[in-house]
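For reference, the structure is listed below as structure tokens.
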Ligand code: SF4
């Protein structure tokens with residue numbers, strides 16, 4: 049007489065509430081969270097480079113565009129008396145009086 053081996057499918061498998069199952073599920077959860085954590089960390093890197101992002105977005109350059117330059121822009125805040133670089137209300141980070149970007153608006 050031939051005995052056929054019957055393999056259980058997922059629906060037929062007994063529920064495994066052992067420590068091993070909990071460990072297995074915990075490990076799966078930890079592995080699934082790696083891409084999320086990685087994505088959040090890469091977003092933080094972007095946030096750290098935010099000044100570069102705005103400079104790139106508005107094509108900031110460290111020289112005038114014809115007669116247009118930061119010192120004549122409504123968004124420009126001159127440096128303190130002993131400072132070398134000014135601040136822009138649009139562009140993050142330092143800008144120089146002779147710089148320019150596409151957000152330029154004459155003062
Ligand atoms: S908006 Fe552009 S041109 Fe105006 S101050 Fe800022 S960087 Fe300079």
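Numbering (the numbering used here), first residue to last: 49 to 155.
Note that CB positions come from ideal geometry on N, CA and C, so glycine has one too.
Just so it is clear, the structure is predicted and the values come from calculations on it, not from any experiment.
Query	Result
For a test of the three-state rule: what should DSSP assign to residue 100, helix, strand or coil?	helix
Would you say the beta carbon of residue 135 comes nearer than 7 Å to a heavy atom of the ligand GTP?	Ligands present in the displayed structure are limited to the ligand SF4, and the ligand GTP is not among them.
Is the beta carbon of residue 139 within less than 7 Å of some heavy atom of the ligand SF4?	yes
Nearest-angstrom Cα distance between residue 112 and residue 128?	21 Å
Compare the Cα-Cα distances from residue 105 to each of 68, 146, 126, 138 and report the closest residue.	138
Could you give the residue range of the beta strand (DSSP E) that holds residue 118?	Element bounds for residue 118: n/a, residue is neither H nor E.
Confirm the yes/no value for this check: CB of residue 151, any heavy atom of the ligand SF4, distance under 7 Å.	yes
Could you name the residues of the same chain whose beta carbon sits closer than 6 Å to that of residue 143, not counting the 5 residues immediately before and after it, in chain order?	118, 134, 136
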